[in-house]
Amino acid sequence: MGDSMSTIINATTTNGVVIQPDNSGSLVLQTNNGTTALTIDTSQRAAFVAGTAALPAITTTGDTNTGIFFSAADTIDFTEGGTACGQFDSSANFKFNSGYGSVATAYGCRAWVNFNGTGTVAIRGSANVTSITDNGTGDYTVNFTTAMPDVNYSVVQSANYNQTTTKINSSLIRTQSTSACSISPHADNATTQFDCEIVTMAIFR
Amino acid sequence: MKKRIVYQNDEGGISIIVPAGECGLTIEEIAVKDVPQGKAYHIVDVSEIPTDRTFRNAWTWQ
């Protein structure tokens, strides 16, 4: 279809329209200026043009500045309203805006848990956690489903003790390994460990 | 899960493993994974664990 003729293909059977390349090559769809828009190769893979934030390669009818494009090698980009909003870069980093002000790398929460450390100790909710270990008063270990790559992760934790006279003002990290992290909520005097009704912990890496 | 895993810890007390319901492992698989290697353990019903934790550090397993 390299000439100026336009060809309209109509379905004439109940099977719809079937377009087949010859036995040797890919199916290539071009726009009327001869630019390749889509290639379906002999392995049945569809390859689109790279596109841009304003004109993404994969989009939808009626909202053509929103979709997926490819700004560089080994990179997948997302755009909304013609503005880039997310990316998986060539180092497998996930970047998004989400109110940050620019598309920047997001660092994931790799595990979290919320549990009751009093009475019948029980987990309320969690992710990437197989269990907690109650080692004694105010002494808990959180066991990860998938281990951390090293021990250099950040532990964010908080605890609530249900007495107005005692305030939990620190929750110490007792031990930190790739497979588990042990914590101890402490009160004002920082020497006594307390069982707490609400204990939460999140791991960032 | 209504089960708990109990083992004696190195401080002379007992540790009690509380499974996460959403983890996708059975209680036996959690025991294999989270009980320190070489420690004997018992899988018990949660009703066997006292809820009064006043003397938690003095608990023993018999």
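If you read the sequences in order, they're chains W and G. Each residue of the first sequence is one higher than the one before, starting from 2 at the first, in our numbering. Each residue of the second sequence is one higher than the one before, starting from -15 at the first, in our numbering. C-beta: ideal position from N, C-alpha, C; glycine also.
What three-state label does DSSP hand residue i in the structure shown?
| i | result |
| --- | --- |
| serine 31/G | helix |
| arginine 206/W | coil |
| alanine 93/W | coil |
| lysine 17/G | helix |
| arginine 40/G | helix |
| glutamate -5/G | coil |
| glutamate 81/W | strand |
| methionine 2/W | Its pLDDT being 43, under 50, methionine 2/W is placed unreliably in this model, and the value from its coordinates should be taken loosely. Looking at methionine 2/W - three-state DSSP - the assignment turns out to be coil, as it is neither helix nor strand. |
| phenylalanine 195/W | coil |
| tryptophan 45/G | coil |
| valine -10/G | strand |
Short check: CB of residue i to CB of residue j, under 7 Å?
| i | j | result |
| --- | --- | --- |
| aspartate 144/W | serine 132/W | Note that residue 144/W corresponds to asparagine in the displayed sequence, not to aspartate. Contact flag set, yes. |
| valine 28/G | valine -10/G | yes |
| threonine 134/W | threonine 142/W | yes |
| alanine 160/W | valine 200/W | yes |
| alanine 107/W | phenylalanine 97/W | yes |
| aspartate 194/W | glycine 139/W | Correcting the residue identity first, residue 194/W is glutamine in this sequence and not aspartate. In this structure, glycine 139/W lies closer than 7 Å to glutamine 194/W by Cβ. |
| isoleucine 59/W | phenylalanine 49/W | yes |
| serine 155/W | leucine 173/W | no |
| isoleucine 124/W | valine 19/G | no |
| valine 157/W | alanine 203/W | yes |
Flag residue i as yes if its beta-carbon sits less than 7 Å from any beta-carbon of chain G, otherwise no.
| i | result |
| --- | --- |
| valine 122/W | yes |
| methionine 2/W | Since pLDDT at methionine 2/W reaches only 43, below the 50 mark, its modelled position is unreliable, and no value is offered. |
| glycine 35/W | no |
| threonine 176/W | no |
| valine 130/W | yes |
| aspartate 75/W | no |
| serine 127/W | yes |
Give the C-beta separation of residue i and residue j to the nearest angstrom, bearing in mind that I take them to be a contact with Cβ-Cβ under 8 Å.
| i | j | result |
| --- | --- | --- |
| methionine 149/W | threonine 179/W | 5 Å |
| asparagine 136/W | serine -1/G | 5 Å |
| aspartate 196/W | threonine 119/W | 5 Å |
| tryptophan 43/G | glycine -3/G | 6 Å |
With a threshold of 7 Å between beta-carbons, can residue i be considered close to chain W, or not?
| i | result |
| --- | --- |
| isoleucine 1/G | yes |
| aspartate 18/G | yes |
| isoleucine 14/G | yes |
| alanine 4/G | yes |
| threonine 35/G | yes |
| glycine -4/G | no |
**OP:** Determine which residues of the stretch 133 to 157 of chain W have a Cβ less than 7 Å from any Cβ of chain G, and write them out in chain order.
**Re:** Ile133, Thr134, Asp135, Asn136, Gly137, Thr138, Asn144 and Thr146
Original post:
Going along the stretch 96 to 120 of chain W in order, which residues come within less than 8 Å of chain G, judged by CB to CB distance?
Top reply: Val114, Phe116, Thr119 and Gly120
**OP:** Could you please tell me which residues of the stretch 41 to 67 of chain W, in chain order, have their CB closer than 9 Å to any CB of chain G?
**Re:** none
**OP:** Check each residue of the stretch 75 to 95 of chain W: if its Cβ is closer than 9 Å to any Cβ of chain G, include it; give the result in chain order.
**Re:** none
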